[in-house]
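Have a look at the structure below before the remarks.
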Amino acid sequence: MKSPLPTSSATQNIRSDSPRRYVHGWENGRAFVFRAMFSFAALSSLLVVALGSFPGWVDWWRFFGRHRSLGDSCPFEQPDLSVPLFHATRPRLFASLARSFNGSVPHSIILPAAHHVLHAESDAEYMYWKQTANLKYLMDSYPIDGGVVVLNSKLEGYEIVVYLPEQNDRDIAFLGPLPSKEYIIKEYHVQNVFSIVDLPDHLSVKAKTNVEILTTVESVDLYNSLPANVVEKLARIDVAVAFSDVALQAFYQARFVKTKEELTRLVFASHLASWVHKRVEKYIAFSKEVNEIWLHTEFVRLSALCGGDIQSYEPIIGAGPNAATLHYRTGFNRAISHVPVKDETFVLIDAAPEFAGYTSDLTRTYARSRKWTKEMEEVFGIVNRVQTKFIHEYYNLGADWMTINQLSKVDLTNELVEAEFIFGSVEEALANNVAFIFMPHGLGHPVGLEVHDPTPSNFVRPLEQSGFAPPTELADYLLQTEKFHLAPYNVASYEVFKGHITTVEPGVYFIPKILEAAKNGPIGKYVNWEKIEHGDYVSLGGVRIEDVILIDHDGSK
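The structure is reproduced here in structure tokens:
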């Protein structure tokens, strides 16, 4: 048995029956009360400072409880990445290639790996290196920059041969060694590995035996990715490499229908993007001060907590009028990006992290400090209703993609007519595509290894056939890509299938340049200019709401 703790004489006196017991008790009690009051006042002062300094009063406890860290952690478990995706993607790809070439002459398809690009006037590299999409589809995670991978057709299937970039001693010291031949063969299930300097001789042998030498990129892009000595030797031995749209479209056909394993990564990427958006929304709502750059930085930081190592695209974060710049480049204008966002202002965030090579694409439009004007509520409501109807009513297994896009265009036009942004009847507005003034882009696009994943060309229809052709005076404002092989997603026609994944991103914008062009042209008579100018809608910028939706392999939405 433990001995009792010793007691002091003061304690003994308080415990005695002496009259001093009550005096001692009162004096000690008063001291306790004073100390408690002082502690409470000090803590209250700290809380006042904290609530004014840190974004979101809902986060104050996390800050104090975990002050030694940034106070955030990933709330969900990442998908298992131990099984490479190529076990599922290669059979699809090889079947697609077999259908496309249909037993024609033997061929070799060269897939260049992405290489780090240097600034024109320095030895510094551009940031955010990403592997080429078709190579990722074939190899899954393949972090080697430079070199090529070659698919050699066989009687059954394809042989995969890797050609590694050259490395000198300095490269090894500064960048680390490349994986060994044995490791690559085992890890990536390929048949052989060589140096890139061996490529010309190997292609020369194939060319002499009537094997077609093909590539899925423009020949000039392929040669730009190869070392100068390799390009010179190819020219010297007269080996020509031709771009093959047949091979490219075979890749696109395979990539268009996502495997279950791909959907797992894509769904996680979207869940992660949604969580980050919700976290950043608190900064917009509760921070004493916030600007575009802070939000950009916080979005990237939070994405990395759950494996979103890089962004699917450069985050678009625009406040006020900047929300009307569809692909606004946050941070390019320092003076604007560091200006505090005012209350009763829209903040449009179009941003999403990439997970394990697969992208997402989410957009939210928030009200600063959650303060809404009637104009803000009006525009946001239009976009929200159009998106909700598309997701819940139109997008279903077997639906025709072009038809449901056209139905959504009718909904947007009807909303704009009812809100009196557009004069006249809905039918007249549709015939003249007046809604293009307020939404000069398509409703959605596939996502996958690229944020604008390609649509196979056999599904593409002429722009005029779709009903999405812009008014003549606004034709120059149609969003198009400089990449010749990427089909415009808003003129595709196909039935929605199992394994289909797409964005749905309606918007309403007040873009000064487009408004000016419309006002000065015949289409301007359909627009209620008095409403737009009196309500100062241009200062709001615009609203876009974007989500990723899919049909899984069970047919569920």
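Per the numbering used here, residue 12 is the first one in the sequence shown, and the count goes up by one each step.
Heads up, the beta-carbon is just placed ideally off N, CA and C, and yes, glycines get one too.
Nothing here was measured: the structure is a model prediction, and the numbers come from that model.
How close, in whole Å, do the beta carbons of residue i and residue j come, if the pair is a contact with beta carbons under 8 Å?
i: Ile120; j: Ala258; result: 5 Å
i: Asp411; j: Ser504; result: 6 Å
i: Leu594; j: Ser191; result: The chain is shown from 12 up to 568; residue 594 falls before or after that span and cannot be answered.
i: Leu274; j: Asp563; result: 6 Å
i: Val397; j: Pro517; result: 4 Å
i: Ile556; j: Arg381; result: About 17 Å separates the two Cβ atoms, so there is no contact after all.
Could you please give me the residues that DSSP links to residue i through a beta bridge?
i: Ala330; result: Val358
i: Arg555; result: Gly518
i: Ala503; result: Val471
i: Ile560; result: Thr513
i: Phe254; result: Thr226
i: Tyr369; result: Phe366
i: Ile155; result: None, per the DSSP bridge assignment.
i: Asn145; result: Beta-bridge pairing links Asn145 to no other residue.
i: Val538; result: Ile433
i: Pro102; result: Per DSSP, none; premise fails for Pro102.
i: Glu170; result: Asn163
i: Pro457; result: Thr513
Between residue i and residue j, is the Cβ-Cβ spacing less than 7 Å?
i: Leu460; j: Lys197; result: no
i: Leu306; j: Ile328; result: yes
i: Val241; j: Leu210; result: yes
i: Ile433; j: Ala529; result: no
i: Glu303; j: Val291; result: no
i: Val358; j: Val554; result: no
i: Asp4; j: Phe97; result: Residue coverage of the chain in this structure runs from 12 to 568, which leaves residue 4 outside it and unanswerable.
i: Pro102; j: Phe267; result: no
i: Ile360; j: Tyr139; result: no
i: Gln142; j: Ala131; result: no
i: Glu223; j: Phe254; result: no
i: Ile207; j: Tyr153; result: no
i: Val515; j: Gly455; result: yes
Please report the straight-line C-alpha distance between residue i and residue j, rounded to a whole angstrom.
i: Val502; j: Val428; result: 24 Å
i: Glu325; j: Ala362; result: 7 Å
i: Phe366; j: Pro123; result: 22 Å
i: Ser164; j: Ala335; result: 49 Å
i: Asn416; j: Leu337; result: 20 Å
i: Leu423; j: Glu300; result: 35 Å
i: Ile155; j: Ile522; result: 42 Å
i: Asn407; j: Tyr520; result: 28 Å
i: Pro513; j: Asp464; result: Reading the sequence as shown, one finds Thr at residue 513 and not Pro. Roughly 9 Å separates the two Cα atoms.
i: Arg77; j: Lys385; result: Note that Arg77 scores a pLDDT of 36, beneath 50, so its modelled location is shaky; the value from the coordinates is reported in the next line. One C-alpha to the other measures close to 40 Å.
i: His200; j: Tyr194; result: 10 Å
i: Glu389; j: Ala378; result: 13 Å
i: Lys536; j: Pro451; result: 18 Å
i: Ala284; j: Ala315; result: 11 Å
i: Thr270; j: Val250; result: 37 Å
i: Asn444; j: Val538; result: 12 Å
i: Phe391; j: Gly168; result: 52 Å
i: Phe479; j: Pro364; result: 30 Å
i: Thr341; j: Ala330; result: 10 Å
i: Gly532; j: Asn425; result: 22 Å
i: Ser484; j: Asn221; result: Here residue 484 is Glu; the residue named in the question, Ser, does not match the sequence. The straight-line gap from Cα to Cα measures roughly 52 Å.
For residue i, name the three-state secondary structure that DSSP assigns.
i: Thr572; result: Residue 572 is absent from the model: the chain starts at 12 and stops at 568.
i: Ala363; result: coil
i: Ala410; result: coil
i: Glu439; result: helix
i: Phe447; result: helix
i: Val462; result: coil
i: Ile121; result: strand
i: Ile248; result: coil
i: Leu277; result: helix
i: Asn203; result: strand
i: Asn113; result: coil
i: Val94; result: coil
i: Pro86; result: coil
i: Ser567; result: coil
i: Gln322; result: strand
i: Leu337; result: coil
i: Pro481; result: coil
i: Glu243; result: helix
i: Glu136; result: strand
i: Leu129; result: strand
i: Leu175; result: strand
i: His213; result: helix
i: Val268; result: coil
i: His452; result: coil
i: Val549; result: helix
i: Thr308; result: helix
i: Leu189; result: coil
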